[in-house]
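Undergrad: Pasting a structure here, questions to come.
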Amino acid sequence: MRTDYSEIKFKDNGRLKLLIIVGTRPEIIRLGAVINKCRKYFDTILAHTGQNYDYNLNGVFFRDLKLDDPEVYMDAVGDDLGATVGNIINASYKLMVQTRPDALLILGDTNSCLSAIPAKRLHIPIFHMEAGNRCKDECLPEETNRRIVDIISDVNLAYSEHARKYLHECGLPKERVYVTGSPMA
1 MRTDYSEIKF KDNGRLKLLI IVGTRPEIIR LGAVINKCRK YFDTILAHTG
51 QNYDYNLNGV FFRDLKLDDP EVYMDAVGDD LGATVGNIIN ASYKLMVQTR
101 PDALLILGDT NSCLSAIPAK RLHIPIFHME AGNRCKDECL PEETNRRIVD
151 IISDVNLAYS EHARKYLHEC GLPKERVYVT GSPMA
């Protein structure tokens, strides 16, 4: 697992310093257009946790979506679930401490979205896309991830009115929830 990110720097061009963390092919696909827009308007670093990584499988998505390769590859996959989750949290923490982003953007419910935990501890605002989605199956690890990340995110970007209502029912105030629709729509 990588923990030294001293050569990774924001451009310090006066724009908001945004860290985007992904780790799976579906995240890359769903965030492709968003990443490109963020790179246009913000000082952006894209990090890949390696949760679901094989360059031959991922590289095609970066090329097809006209995305630059991630600036950071964390290589956070461990020998088991506990090691992988711990590595994602640890590597994300080290990256955030060393780069000092103004905000974190994450999507969905994968283990990579647990990078929100160190962001919260470091007082880095968290923007969570796909917030409020639920399958209500407590046995699925993704459901646990959704619940954790929705609660600790500063801004929840829900895809639907249904997801917004669910987040309000969970006690999140309206100023932390916005319906954006899906970037894939």
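For the sequence shown, the UniProt record's numbering begins at 1 and goes up steadily by one.
Every residue gets a Cβ at the ideal spot worked out from N, C-alpha and C, and that includes glycine.
State yes or no: is the C-beta of P70 nearer than 6 angstroms to some heavy atom of the ligand GTP?
TA: Absence of the ligand GTP is noted for the structure shown, with no ligands found whatsoever.
Undergrad: Please list the terminal residues of the continuous beta strand (DSSP E) segment that includes E130.
TA: For the purposes of this step, residue 130 is taken as residue 130 along the sequence shown, with counting starting at 1. It spans I126 to A131 - the beta strand (DSSP E) in which E130 sits, taken as one unbroken run.
Undergrad: Using the beta-carbon count (16 or more within 10 Å), is T44 buried or exposed?
TA: Residue mapping note: residue 44 aligns to position 44 of the sequence shown, counting from 1. So T44 ends up on the buried side.
Undergrad: For N13, does the count of other Cβ atoms within 10 angstroms reach 16, so buried, or fall short, so exposed?
TA: By one-based count along the sequence shown, residue 13 stands at place 13. So N13 counts as exposed.
Undergrad: Just verifying my parser: in three-state terms, what is the DSSP assignment at N13?
TA: As a first step, residue 13 must be located in the sequence shown, where it is residue number 13. Residue state, collapsed to three classes: coil.
Undergrad: Measuring CA to CA, which of F127, C113 and N145 is closest to R176?
TA: As a first step, residue 176 must be located in the sequence shown, where it is residue number 176. Ranking F127, C113 and N145 by Cα distance to R176 puts F127 first.
Undergrad: Quick check on DSSP: helix, strand or coil for I106?
TA: Taking the sequence shown and counting its residues from 1, one reaches residue 106 at position 106. It is a strand residue.
Undergrad: On a CA-only basis, which of C38, T3 and E7 is nearest D68? Give me that one, please.
TA: Your numbering for residue 68 matches position 68 in the sequence shown. It is C38 whose Cα lies nearest to the Cα of D68.
Undergrad: Is the region 118-126 close to the region 168-183, with three or more CB pairs under 8 angstroms?
TA: no
Undergrad: Determine the burial state of residue 188: buried for a count of at least 16 other Cβ atoms within 10 Å of its Cβ, exposed for fewer.
TA: Past the edges of the chain, shown from 1 to 185, lies residue 188, and the structure says nothing about it.
Undergrad: From the DSSP output, which residues share a beta bridge with N145?
TA: Start at 1 with the first residue of the sequence shown, and residue 145 comes out as number 145. Note: N145 sits in no beta bridge, so no partner.
Undergrad: Taking V177 as part of the beta strand (DSSP E), name the residues at either end of that continuous run.
TA: By one-based count along the sequence shown, residue 177 stands at place 177. First-last of the beta strand (DSSP E) with V177: V177 to V179.
Undergrad: Within 10 Å of its beta-carbon, does M74 have 16 or more other beta-carbons around it, so buried, or fewer, so exposed?
TA: Here the question's residue 74 lines up with position 74 in the sequence shown. The residue is buried, with at least 16 neighbouring Cβ atoms inside 10 Å.
Undergrad: Specify, as a first and last residue, the run of the beta strand (DSSP E) that L46 falls within.
TA: Within the sequence shown, numbered from 1, the residue matching residue 46 stands at position 46. Start and end: D43 to H48.
Undergrad: Would you identify the three-state DSSP class for N52, choosing helix, strand or coil?
TA: For the purposes of this step, residue 52 is taken as the residue at position 52 of the sequence shown. Coil.
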